[in-house]
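**Student:** What follows is a single structure, and I will ask about it in a moment.
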Amino acid sequence: KIWDNQVATDSFHNLKSLCVDLCHKLVNLVPSHILGRLLSLECLKAESCDSLEVVFELQPLNPSDRHPTTCSPLKELKLIQLPKLKCVWDKELHRQVKFQCLRSISVSRCKSLTSLFPASVANDLIQLEDLKINECGIVELMENEEGLVPKSMFPKLISLELRDLVELKCIYTGMHALQWPALETLEVHGCNKVEIFASQLENEMTLDKHPLFLIEKGTLPNLQKLKLDLSKRMEIWHGHSHDEDFFHKLRVLELHHLSKETPMSTYHFFESLTNLEKLLICESYPEKPSSSEAAKEGTSDELKVTLPFLGYIRHLQTLHMSHCDGLSNLFTPTVTENLVALTKLRISNCKILTKVISDEEGEEGRAMAFNRLKYMELDGLTKLRCFSSGGYTLIFPLLADVTVNECPNMKIFSNGPIEAPKLERVQVDLKKLYGPTEYRYFWKGNLNITLENMYKEKVCISY
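Quick note: the sequence shown uses my numbering, first residue 5, plus one each step.
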């Protein structure tokens, strides 16, 4: 143990930071009676202590003595690689010590930890701004306590990150919506037992379908950035309506593992994102076992995968598609009409993408305008033949930067007319193993001739 039972009452008053590392026989870190004496402690870190089971150990008090509740000055708590950790806070600890100054908590690789907070302790974390939990055995973030009904948890929490919590099912098992008034950034990744991200409060649910969040108007009033991993077909939304008031400030959405099997309610979720500006879709639409051969022949209906929900997001400014290996094209002509605010388009490493805009019968000669698009990057698209093959007129009045890398089959940009009055070059990045990135620029009057000449000269990106 670290602390002597006979330690003087005025000891450690000036201690500001405590780091405990590789203390493999340590079982309890800080007893509650010692915690009350650490009047200046702002940072506590424990790492790689193989036997540590309890961080803040609750000490029994003499009922005949007066014991006023103390407030710990602790601002930062880090717990890393503690394989036997089972308890951070005892649910009775708040009667002796409160943690109203804590601003940052990071917990990672604690496989035996099944819950982080008792609800009574969580109620006291009124200054918490940043919470990160990675690779732990967490089943629920907050332990339910009988008779205690928390409402506004963590009123100043700005960022919440939940990564690789393979046992996590929910934030809190209580059947009421918690309020997260300051939360701006939320990430949920690798939490494969979460079946529903958010559900409206009034919906009836069985216990095995408890959502990560219960939602009502005002639950997440300031959420601006949301990153979700939809592995195991997690449903984003469960409810009867998709009122824009639920996520009206959401500006950035990043989705991983979207697929054709994703529930339709997830696609309807996009209808409520009226102010979304940036969308990133990564590692989605996995390639079918026969997709490579079918893509060569161009005969498989399974490859006609597009993203119709993009048409709902009229404020979208940035779109990035990456590692979507089953995606053969991106937009329909109808969807492009709704992308009125798009300024930046980046598509990378999609194995069977053959064109960006799909063909529609009877649409030859149609004009499609990307009126605000300024930047376009096509990178690592080994099957891409063209941006559009439908004979449409493509209009890019503001397009000034185009980057094309590792698209060896792209000999032309479009089969139809192209209007891009501000475009004067196409950029290729020549990335070397050592040294800075080099750039080469090509221009032969228009996009089609430029691309044709680039590959005649066999100018391809190399690593």
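Note that beta-carbon positions come from the ideal geometry of N, C-alpha and C, so glycine has one too.
In or out: residue 142 buried (at least 16 other Cβ within 10 Å) or exposed?
**Tutor:** One-based indexing of the sequence shown puts residue 142 at position 138. Buried, by the Cβ-count rule.
**Student:** In this structure, does DSSP put residue 144 in helix, strand or coil?
**Tutor:** Here the question's residue 144 lines up with position 140 in the sequence shown. Three-state DSSP puts residue 144 in a strand.
**Student:** Please identify the residue among 196, 189, 217 whose C-alpha is closest to the C-alpha of residue 202.
**Tutor:** Locating residue 202 in the sequence shown gives position 198, counting from the first residue. The shortest Cα separation from residue 202 among 196, 189, 217 belongs to 217.
**Student:** From residue 314 to residue 391, what does the alpha carbon distance come to, in whole angstroms?
**Tutor:** Your numbering for residue 314 matches position 310 in the sequence shown. Your numbering for residue 391 matches position 387 in the sequence shown. Those two C-alpha atoms are separated by around 17 Å.
**Student:** Let me know if residue 484 comes out buried or exposed under the rule of 16 or more other beta-carbons within 10 Å of its beta-carbon.
**Tutor:** Here the chain has residues from 5 to 467 only, and residue 484 is not among them.
**Student:** At 4 residues or longer, and completely inside the stretch 382-463: list those alpha helix (DSSP H) runs for me, N to C.
**Tutor:** Counting whole runs of 4 or more residues, the stretch 382-463 contains the alpha helix (DSSP H) stretches 451-460.
**Student:** Can you look up residue 337 in the DSSP assignment and give me helix, strand or coil?
**Tutor:** Residue 337 sits at position 333 when you count from the first residue of the sequence shown. Helix, per DSSP.
**Student:** Is it the case that the Cβ atoms of residue 36 and residue 57 are separated by a distance below 9 Å?
**Tutor:** Taking the sequence shown and counting its residues from 1, the one referred to as residue 36 is at position 32. Taking the sequence shown and counting its residues from 1, the one referred to as residue 57 is at position 53. In this structure, residue 57 does not lie closer than 9 Å to residue 36 by Cβ.
**Student:** Name the residue from 54, 22, 52 whose alpha carbon lies nearest to the alpha carbon of residue 43.
**Tutor:** Against the sequence shown, residue 43 aligns to sequence position 39. Closest by alpha carbon: 22.
**Student:** Might you give, ordered along the chain, the residues of its own chain that have their beta carbon closer than 7 Å to the beta carbon of residue 106, omitting 5 neighbours on each side?
**Tutor:** As a first step, residue 106 must be located in the sequence shown, where it is residue number 102. Once the five neighbours on either side are set aside, the close Cβ partners of residue 106 are 78, 79, 81, 129, 131, 132.
**Student:** Quick check on DSSP: helix, strand or coil for residue 276?
**Tutor:** Here residue 276 corresponds to residue number 272 of the sequence shown, with the count starting at 1. The answer is helix: DSSP assigns residue 276 an H, G or I state.
**Student:** How far does the beta strand (DSSP E) with residue 361 in it reach, from first residue to last?
**Tutor:** By one-based count along the sequence shown, residue 361 stands at place 357. Per DSSP, residue 361 belongs to the beta strand (DSSP E) from 359-361.
**Student:** Measuring alpha carbon to alpha carbon, tell me which of 358, 127, 110 ends up nearest residue 104.
**Tutor:** Mapped onto the sequence shown, residue 104 falls at position 100. Among 358, 127, 110, the Cα nearest to that of residue 104 belongs to 127.
**Student:** For residue 148, which residues of its own chain have a beta-carbon under 8 Å away from its beta-carbon, when the five flanking residues on both sides are left out?
**Tutor:** If you number the sequence shown from 1, residue 148 lands on position 144. Hits under 8 Å: 123, 176, 177, 178.
**Student:** Indicate whether residue 135 and residue 92 have their beta-carbon atoms separated by less than 9 Å.
**Tutor:** Here the question's residue 135 lines up with position 131 in the sequence shown. Here the question's residue 92 lines up with position 88 in the sequence shown. Going by C-beta atoms, residue 135 is not nearer than 9 Å to residue 92.
**Student:** Between residue 192 and the rest of its own chain, which residues show a CB-CB distance below 6 Å, the 5 nearest in sequence each way excluded?
**Tutor:** Sequence index remark: in the sequence shown, residue 192 carries index 188 (1-based). Same-chain partners within the cutoff: 166, 232.
**Student:** Alpha carbon to alpha carbon, how far is residue 220 from residue 90? Give it in angstroms, no decimals.
**Tutor:** By 1-based counting over the sequence shown, the position of residue 90 is 86. By 1-based counting over the sequence shown, the position of residue 220 is 216. Rounded to the nearest angstrom, the two C-alpha atoms are 33 Å apart.
**Student:** Among residues of its own chain, excluding the 5 on either side of residue 475, which ones have a beta-carbon nearer than 6 Å to its beta-carbon?
**Tutor:** Here the chain comprises residues numbered 5 to 467, so residue 475 is not present and cannot be evaluated.
**Student:** Note the first and the last residue of the continuous beta strand (DSSP E) segment covering residue 50.
**Tutor:** Translated into positions along the sequence shown, residue 50 becomes position 46. Counting along the chain, the beta strand (DSSP E) containing residue 50 begins and ends at 47-51.
**Student:** Am I right that residue 251 and residue 224 are in contact with their C-beta atoms under 8 Å? What's the rounded C-beta distance?
**Tutor:** On the sequence shown, position 247 is the one that residue 251 refers to. On the sequence shown, position 220 is the one that residue 224 refers to. That belief holds up - the Cβ atoms of residue 251 and residue 224 are roughly 7 Å apart, short of 8 Å.
**Student:** Please identify the residue among 274, 72, 333 whose C-alpha is closest to the C-alpha of residue 354.
**Tutor:** Numbered from its first residue, the sequence shown carries residue 354 at position 350. Here the closest residue by C-alpha is 333.
**Student:** Within 8 Å: the Cβ of residue 21 and any heavy atom of the ligand SAM?
**Tutor:** As presented, the structure is devoid of all ligands, the ligand SAM included, so that no description of it is given.
**Student:** Leaving aside the five residues before and after residue 346 along the sequence, list all residues of the same chain whose C-beta is less than 7 Å from its C-beta, in chain order.
**Tutor:** Position 342 of the sequence shown, counted from the start, is the residue given in the question as residue 346. Taken in chain order, the residues that qualify are 320, 321, 323, 374, 376, 377.
**Student:** Give me the Cα-Cα distance between residue 299 and residue 113, rounded to the nearest whole angstrom.
**Tutor:** Start at 1 with the first residue of the sequence shown, and residue 299 comes out as number 295. Start at 1 with the first residue of the sequence shown, and residue 113 comes out as number 109. Below a pLDDT of 50, predicted positions are generally treated as unreliable, and residue 299, at 43, falls in that range; the measurement from the model is reported next regardless. If you take the alpha carbons of residue 299 and residue 113, they lie about 42 Å apart.
**Student:** What three-state label does DSSP hand residue 28 in the structure shown?
**Tutor:** Taking the first residue of the sequence shown as 1, we reach residue 28 at position 24. Here residue 28 sits in coil by DSSP.
**Student:** Got a sec? Which residues, its chain only, sit under 7 Å from residue 401 by beta carbon, not counting five neighbours each side?
**Tutor:** Locating residue 401 in the sequence shown gives position 397, counting from the first residue. Cβ neighbours of residue 401 beyond the five flanking positions: 375, 425.
**Student:** Would you call residue 253 buried or exposed, if buried means 16 or more other Cβ atoms sit within 10 Å of its Cβ?
**Tutor:** For this step, residue 253 is matched to residue 249 along the sequence shown. Exposed is the call here.
**Student:** For residue 3, which residues from the same chain have a beta carbon less than 6 Å from its beta carbon, with the 5 sequence-adjacent residues on both sides left out?
**Tutor:** No answer is possible for residue 3: it lies beyond the span of the chain, which begins at 5 and ends at 467.
**Student:** Shortest alpha-carbon distance to residue 428 belongs to which of 419, 111, 445, 414?
**Tutor:** Residue 428 sits at position 424 when you count from the first residue of the sequence shown. Ranking the options by Cα distance to residue 428, first place goes to 445.
**Student:** Given a threshold of 16 other Cβ atoms within 10 Å of its Cβ, counted over all protein chains shown, does residue 15 qualify as buried or as exposed?
**Tutor:** Within the sequence shown, numbered from 1, the residue matching residue 15 stands at position 11. By the neighbour-count rule (16 or more Cβ atoms within 10 Å), residue 15 is not buried but exposed.
**Student:** By a C-beta neighbour count over all protein chains shown, 10 Å radius and 16 as the cutoff for buried, is residue 411 buried or exposed?
**Tutor:** Within the sequence shown, numbered from 1, the residue matching residue 411 stands at position 407. Buried is the call here.
**Student:** So what does residue 165 bridge to, in DSSP terms?
**Tutor:** Mapped onto the sequence shown, residue 165 falls at position 161. 136, 191, per the DSSP bridge assignment.
**Student:** Excluding the 5 residues flanking residue 227 on each side, which residues of the same chain have their C-beta closer than 7 Å to its C-beta?
**Tutor:** As a working mapping, residue 227 is identified with position 223 in the sequence shown. Hits under 7 Å: 187, 188, 190, 251, 253, 254.
**Student:** In whole angstroms, what is the alpha-carbon distance linking residue 46 and residue 20?
**Tutor:** For this step, residue 46 is matched to residue 42 along the sequence shown. For this step, residue 20 is matched to residue 16 along the sequence shown. Rounded to the nearest angstrom, the two C-alpha atoms are 5 Å apart.
**Student:** Using three-state DSSP, classify residue 38 as helix, strand or coil.
**Tutor:** Along the sequence shown, one-based indexing puts residue 38 at 34. In the structure shown, residue 38 sits in a helix (DSSP, three-state: H, G or I).
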